[in-house]
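Each remark here refers to the structure printed beneath this line.
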Amino acid sequence: MQAKRYLLSAGGTGGHIFPALAIADALKADNPDNEILFVGALGRMEMEKVPAQGYRIIGLEIAGLQRKISFQNLLLPQKIWRSITNAKKIIRSFEPHCVIGFGGYASAPVLFAAQKLNYPTIIQEQNSYAGLTNKILAKKAKAICVAYPEMETYFNPKKIRLTGNPLRPNILESTSKSQGLQHFSFTGSKPVMLVLGGSLGARSINSWLSQNCDLLQKTFDIIWQCGSYYFDYYKHLIQNSIQILPFIGEMNLAYAAADIIVSRSGASSISELCAVAKPVVFVPSPNVAADHQTKNAKALVNKNAALIIKDAEMFEKLTDLLLALNHDFEKRNMLSANIKTLAILDAPSRILNEIKKYEK
Numbered sequence: 091m092q093a094k095r096y097l098l099s100a101g102g103t104g105g106h107i108f109p110a111l112a113i114a115d116a117l118k119a120d121n122p123d124n125e126i127l128f129v130g131a132l133g134r135m136e137m138e139k140v141p142a143q144g145y146r147i148i149g150l151e152i153a154g155l156q157r158k159i160s161f162q163n164l165l166l167p168q169k170i171w172r173s174i175t176n177a178k179k180i181i182r183s184f185e186p187h188c189v190i191g192f193g194g195y196a197s198a199p200v201l202f203a204a205q206k207l208n209y210p211t212i213i214q215e216q217n218s219y220a221g222l223t224n225k226i227l228a229k230k231a232k233a234i235c236v237a238y239p240e241m242e243t244y245f246n247p248k249k250i251r252l253t254g255n256p257l258r259p260n261i262l263e264s265t266s267k268s269q270g271l272q273h274f275s276f277t278g279s280k281p282v283m284l285v286l287g288g289s290l291g292a293r294s295i296n297s298w299l300s301q302n303c304d305l306l307q308k309t310f311d312i313i314w315q316c317g318s319y320y321f322d323y324y325k326h327l328i329q330n331s332i333q334i335l336p337f338i339g340e341m342n343l344a345y346a347a348a349d350i351i352v353s354r355s356g357a358s359s360i361s362e363l364c365a366v367a368k369p370v371v372f373v374p375s376p377n378v379a380a381d382h383q384t385k386n387a388k389a390l391v392n393k394n395a396a397l398i399i400k401d402a403e404m405f406e407k408l409t410d411l412l413l414a415l416n417h418d419f420e421k422r423n424m425l426s427a428n429i430k431t432l433a434i435l436d437a438p439s440r441i442l443n444e445i446k447k448y449e450k
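Read in order, the letters of the sequence shown are residues 91 to 450 in this note's numbering.
Below, the structure written as structure tokens:
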């Protein structure tokens, strides 16, 4: 089998990076001689996460539009122009057989440059809401791999492929609850609540939990992913019934231990939670474009597959909801059963098939 070259662009958050790494692994599994090159944004987490998985990455000097008035916004057009120029140089040098964009600051200039140079491009849209950039780039993309049905509002129906979001490899590892409990040094005498704020952490969720942990730990053992930025601020709260981590690498063990999960509703998180099929309460981030996390969560809530609390109502309602849910076994079983039906476990192979259709 002839080896091919693939250029992958993703970054900013784990929601973009982990699916891209899963596809890189799938491409390597298909042919170990395939060459993979990532393009990311300088200073963002992909510049650390991608090399840690053994892949080469080149960083572009690019950033997003600041929501408040900022001098940085004045520099954005220059950064975009420079990033497109540099992306064209990278593409001409690497000569990929296909370019795949997963979202993030660097993805747009890379796909735009590839399309201008007539290289085949594929978009992997993780969310139930498509942003303006992907809607524009989709016009010249060969295929748009989506995780949610009914995306015809945003894309040409002929190009849409329902593939699901690729999951981190260890999510699907067979892991028992006892293994999870042992890993986090819990005895199993109390149910376990897993609290996730996304790969970067969530300030409001951290604040809520810090104020309510004394009450909650009377009922639950708690696994708390607070984010690396917040870890030093909260690590003093660690005790036998509360494990606080900046980032959870062994997510399969955390999911296995958990009985109830509190989570942001980024696309990758939702895909993982569908696969592990545990009762989940979503607290969508209010600080994302077009409130897409709320749209992601409601796609599950509307199917009785999850619960939702607004970020602004978290301090008032979330603790009572969790305590009530802990005792409502019928609702927990219903949520688990319904969310499991939404899981797509073979997303990498589906996306790999689309890449092979359109690569040079």
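Each residue gets a CB set at the ideal place from its N, CA and C atoms; glycine is no exception.
Given this structure, state the Cα-to-Cα distance separating residue i from residue j, to the nearest angstrom.
| i | j | result |
| --- | --- | --- |
| residue 359 | residue 254 | 12 angstroms |
| residue 406 | residue 414 | 14 angstroms |
| residue 422 | residue 168 | 51 angstroms |
| residue 96 | residue 178 | 15 angstroms |
| residue 163 | residue 381 | In this prediction, residue 163 has a pLDDT of 44, which is less than 50 and means its spatial position is unreliable; nothing more can be read from the coordinates. |
| residue 140 | residue 384 | 28 angstroms |
| residue 185 | residue 369 | 46 angstroms |
| residue 436 | residue 188 | 21 angstroms |
| residue 337 | residue 317 | 6 angstroms |
| residue 127 | residue 323 | 37 angstroms |
| residue 204 | residue 181 | 7 angstroms |
| residue 118 | residue 302 | 45 angstroms |
| residue 94 | residue 353 | 38 angstroms |
| residue 120 | residue 393 | 36 angstroms |
| residue 409 | residue 125 | 49 angstroms |
Look up residue i in the DSSP assignment and say whether it is helix, strand or coil.
| i | result |
| --- | --- |
| residue 164 | The predicted model places residue 164 with a pLDDT of 48, which falls under 50 and marks its position as unreliable, so this point remains unresolved. |
| residue 287 | coil |
| residue 188 | strand |
| residue 156 | Here the model assigns residue 156 a pLDDT of 41, short of 50, so the residue's position is not dependable, and the following value carries that caveat. Coil. |
| residue 406 | helix |
| residue 335 | strand |
| residue 269 | helix |
| residue 378 | coil |
| residue 435 | coil |
| residue 399 | coil |
| residue 292 | coil |
| residue 257 | coil |
| residue 101 | coil |
| residue 322 | helix |
| residue 220 | coil |
| residue 207 | coil |
List the DSSP bridge partners of residue i.
| i | result |
| --- | --- |
| residue 149 | 130 |
| residue 300 | Note: residue 300 sits in no beta bridge, so no partner. |
| residue 125 | 95 |
| residue 311 | 282 |
| residue 235 | 214 and 251 |
| residue 329 | 332 |
| residue 351 | 284 and 370 |
Quick one, are the C-beta atoms of residue i and residue j less than 8 angstroms apart?
| i | j | result |
| --- | --- | --- |
| residue 350 | residue 412 | yes |
| residue 227 | residue 192 | no |
| residue 224 | residue 212 | no |
| residue 130 | residue 101 | yes |
| residue 313 | residue 348 | yes |
| residue 260 | residue 342 | yes |
| residue 220 | residue 244 | yes |
| residue 265 | residue 395 | no |
| residue 280 | residue 310 | yes |
| residue 404 | residue 298 | yes |
| residue 462 | residue 331 | No answer is possible for residue 462: it lies beyond the span of the chain, which begins at 91 and ends at 450. |
Let me check understanding here. Comparing Cα to Cα, which of the options lies closest to residue i?
| i | options | result |
| --- | --- | --- |
| residue 237 | 438, 446, 445 and 450 | 438 |
| residue 376 | 368, 393, 394 and 398 | 398 |
| residue 288 | 143, 447, 339 and 103 | 103 |
| residue 110 | 318, 256, 390 and 450 | 256 |
| residue 440 | 124, 112, 106 and 181 | 112 |
| residue 389 | 372, 262, 282 and 279 | 372 |
| residue 363 | 170, 431, 311 and 268 | 431 |
| residue 391 | 424, 416 and 410 | 424 |
| residue 284 | 264, 334, 245 and 262 | 334 |
| residue 190 | 180, 231, 252 and 394 | 231 |
| residue 200 | 361, 247, 151 and 312 | 151 |
| residue 258 | 443, 449 and 114 | 114 |
| residue 147 | 123, 121 and 197 | 197 |
With a threshold of 7 angstroms, establish whether the CB of residue i neighbours any heavy atom of the ligand ADP.
| i | result |
| --- | --- |
| residue 419 | The ligand content of the structure shown is nil, which means the ligand ADP is not present either. |
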